[in-house]
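Here is the structure we will look at, set down as structure tokens.
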Amino acid sequence: MTYQETVEFLFGQLPMFQREGAAAYKPGLETVARLASAFGNPHDNLKVIHVAGTNGKGSTAHTIAAVLQAAGYSVGLFTSPHLLDFRERIRVNGEMISCAEVVSFVDSYRKMDLGIRPTFFELSTVMAFDCFSCRKVDFAVIEVGLGGRLDSTNIVRPVLSVITNISLDHTSLLGHTEQEIACEKAGIIKPGVPVVVGESDGAVRDCFASISAERGAPVTYADESGEIVASERLDDGLVYSTRSFGIVRGELTGDCQINNARTILEAVKILAEREGLDLSAEHICAGMGNVCRLTGLMGRWMKLCDAPLTVCDTGHNPGGWDYLAPQIARHDGRKHVVIGFVNDKDVDTVLEKLKQIENVGFYFTQPSTPRRMPSAELKQKAAAFGLDGDAFDSVDSAVEKALAEVVDKGSEMVFIGGSTFVVADYLSSRNFR
Numbered sequence: 016m017t018y019q020e021t022v023e024f025l026f027g028q029l030p031m032f033q034r035e036g037a038a039a040y041k042p043g044l045e046t047v048a049r050l051a052s053a054f055g056n057p058h059d060n061l062k063v064i065h066v067a068g069t070n071g072k073g074s075t076a077h078t079i080a081a082v083l084q085a086a087g088y089s090v091g092l093f094t095s096p097h098l099l100d101f102r103e104r105i106r107v108n109g110e111m112i113s114c115a116e117v118v119s120f121v122d123s124y125r126k127m128d129l130g131i132r133p134t135f136f137e138l139s140t141v142m143a144f145d146c147f148s149c150r151k152v153d154f155a156v157i158e159v160g161l162g163g164r165l166d167s168t169n170i171v172r173p174v175l176s177v178i179t180n181i182s183l184d185h186t187s188l189l190g191h192t193e194q195e196i197a198c199e200k201a202g203i204i205k206p207g208v209p210v211v212v213g214e215s216d217g218a219v220r221d222c223f224a225s226i227s228a229e230r231g232a233p234v235t236y237a238d239e240s241g242e243i244v245a246s247e248r249l250d251d252g253l254v255y256s257t258r259s260f261g262i263v264r265g266e267l268t269g270d271c272q273i274n275n276a277r278t279i280l281e282a283v284k285i286l287a288e289r290e291g292l293d294l295s296a297e298h299i300c301a302g303m304g305n306v307c308r309l310t311g312l313m314g315r316w317m318k319l320c321d322a323p324l325t326v327c328d329t330g331h332n333p334g335g336w337d338y339l340a341p342q343i344a345r346h347d348g349r350k351h352v353v354i355g356f357v358n359d360k361d362v363d364t365v366l367e368k369l370k371q372i373e374n375v376g377f378y379f380t381q382p383s384t385p386r387r388m389p390s391a392e393l394k395q396k397a398a399a400f401g402l403d404g405d406a407f408d409s410v411d412s413a414v415e416k417a418l419a420e421v422v423d424k425g426s427e428m429v430f431i432g433g434s435t436f437v438v439a440d441y442l443s444s445r446n447f448r
């Protein structure tokens, strides 16, 4: 098959959470383990940093990879979902897996008679492991797809586990309380393997403490470490005063990145000690200050234009909007918020958070995915929270209207988000790379 035919096979023939939602989620490790075995268990050849969490796991995974790359190590990075091209999910030293490698892996799988039908994510996971093993990377940073305990990535035995935070998301699949969700994500904690927890308290902290103790896994709570002494926001990033690495500039500017930075710094300290790595302050600065260039990260408080200030962000659940809503609200001028969701998110809670934004116009839209919430339905929901705006059938038309209503390009702001798919639609329409 050609690369395009191969991608169509992956997207169209097998369940894909990105398009189908919960119907595509198949918990359990038996199928992925059998698939990996058919390819020689490539994950057993990898030194894995395994990253889970409700929010921030993508930024955290990319930045850890960037720091390791800056230090001269060869790094595989597996993340999801993608925005523009399937190959974004699998990178080595920031470069996407080649079209030929994708085709070769799928062709090999199709020639096998395994008696199983893997999901899209199970195939993608083993493809990543196979790619990283063949490339003989020094480290593989693997982001959990959904949950942890029963996620396809959880067949690995990592050298370090990282759990960024816990909030309510995918409750129909992972549990209806933060404690239940925490216990699912804590499933990546392996016996004797150190774990870094970014943010936790109360019952969530108790869950992590109990499971770590039971498995003899040393646990570090980044929010108690005191590694970051102070932070300051500049136009081109966040600057951190740290105990171990001096002054560090982070390229990512979202409010959530301060907590992510604590987690990242604790993770790289433990990696350096456990693996005997040469990770200097210069490597930390280079990785955190150039994460987008080094790894191809997109969609995290991503500035698209200066006049008017136009930003997109893939934050898509209440935990993400705990940070996004205040950050948008702080902007002095009028705000134009283009927003859309998929139909399995807690939209009401996000809409409640949007009420704190003043001097704002809303442009309710819908992403192109079959999982979309219709913009007319979103407009109706928003009206119940006192949020007024027009409904648009496409992201492009909503952004076009928002930009047309900007009066002062020097003071006003356009925000595009609410869903990863809203951001993907906009970037795709602009042929962004």
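Using our numbering, the first residue of the sequence shown is number 16, and each one after it goes up by one. Here a beta-carbon is modelled for each residue, glycine too, at the ideal position from N, C-alpha and C. Fair warning: this is a prediction, and the values are worked out from it, not measured in the lab.
Item	Value
Whether arginine 150 touches glycine 109 by CB criterion (8 Å)	no
Helix, strand or coil at serine 426 according to DSSP, with G and I counted as helix	coil
Exposed unless 16 or more other CB atoms sit within 10 angstroms - verdict on asparagine 374	exposed
Top-ranked residue by Cα proximity to aspartate 270, from Ala232, Val219, Glu239, Gly330	Gly330
Alpha helix (DSSP H) segment containing alanine 397, residue limits	390-398
Exposure label - valine 410; buried when at least 16 CB within 10 Å	buried
Beta-carbon spacing of leucine 298, alanine 85 below 8 Å	The amino acid at residue 298 is misidentified as leucine; the sequence shows histidine. In contact: histidine 298 and alanine 85 (Cβ atoms closer than 8 Å).
Close Cβ partners of threonine 75 (< 8 Å) along its chain, the five nearest in sequence each way excluded	Val66, Gly68, Val177, Thr179, Gly213, Asn275, Thr278, Ile279, Ala282
For phenylalanine 32, the three-state DSSP class (helix, strand or coil)	The pLDDT assigned to phenylalanine 32 is 49, lower than 50, so where the model puts this residue is not dependable; a value taken from the coordinates is nonetheless given after this. Note: phenylalanine 32 maps to helix in three-state DSSP.
Through-space distance from aspartate 128 to leucine 25, alpha-carbon basis	17 Å
Beta bridge counterpart(s) of tyrosine 378 as assigned by DSSP	Val353, Asp405
For serine 187, three-class secondary structure by DSSP	Bear in mind that the predicted position of serine 187 carries a pLDDT of just 45, short of 50, making it unreliable; the figure below should be weighed with that in mind. Residue state, collapsed to three classes: helix.
Beta-carbon spacing of valine 210, serine 227 below 8 Å	yes
Leucine 61 (DSSP reduced to helix, strand or coil)	coil
Nearest-angstrom Cα separation, counted from aspartate 250 out to threonine 325	14 Å
At least three beta-carbon pairs within less than 8 Å, the segment 415-426 to the segment 359-369	no
For isoleucine 279, three-class secondary structure by DSSP	helix
Top-ranked residue by Cα proximity to aspartate 321, from Thr21, Gly43, Lys424	Lys424
Endpoints, the alpha helix (DSSP H) within which methionine 303 is located	296-304
Buried/exposed call for isoleucine 105, threshold 16 Cβ in 10 Å	buried
Buried or exposed by the 16-neighbour rule on C-beta atoms within 10 Å, applied to arginine 132	exposed
Buried/exposed call for valine 244, threshold 16 Cβ in 10 Å	exposed
Of the listed residues Gly432, Ala81, Val254, nearest to alanine 89 (C-alpha basis)	Correcting the residue identity first, residue 89 is serine in this sequence and not alanine. Closest option to serine 89, Cα to Cα, is Ala81.
Close-in-space but distant-in-sequence residues of the same chain around threonine 296 (CB under 7 Å, 5 per side omitted)	The residue asked about is misnamed: residue 296 is alanine in this sequence, not threonine. Closer than 7 Å at Cβ, skipping near neighbours: Phe260, Gly261.
Residues bridged to aspartate 250 [DSSP beta-bridge criterion]	DSSP output for aspartate 250 lists no bridge partner at all.
Helix, strand or coil at lysine 416 [DSSP, three-state]	helix
Where glycine 304 falls, given that 16 or more other Cβ within 10 Å makes a residue buried	buried
Other residues of its chain near leucine 366: CB distance less than 7 Å, five sequence neighbours each side excluded	Lys396, Ala397, Phe400, Leu402
For glutamate 290 and serine 123, the rounded distance between their alpha carbons	34 Å
Nearest candidate by alpha-carbon position, reference leucine 267, set Lys284, Ala237, Thr310, Phe135	Thr310
Three-state secondary structure assigned by DSSP to aspartate 361	coil
Buried/exposed call for aspartate 328, threshold 16 Cβ in 10 Å	buried
Outcome for glutamate 45 when other beta-carbon atoms lying within 10 angstroms are tallied against a minimum of 16	exposed
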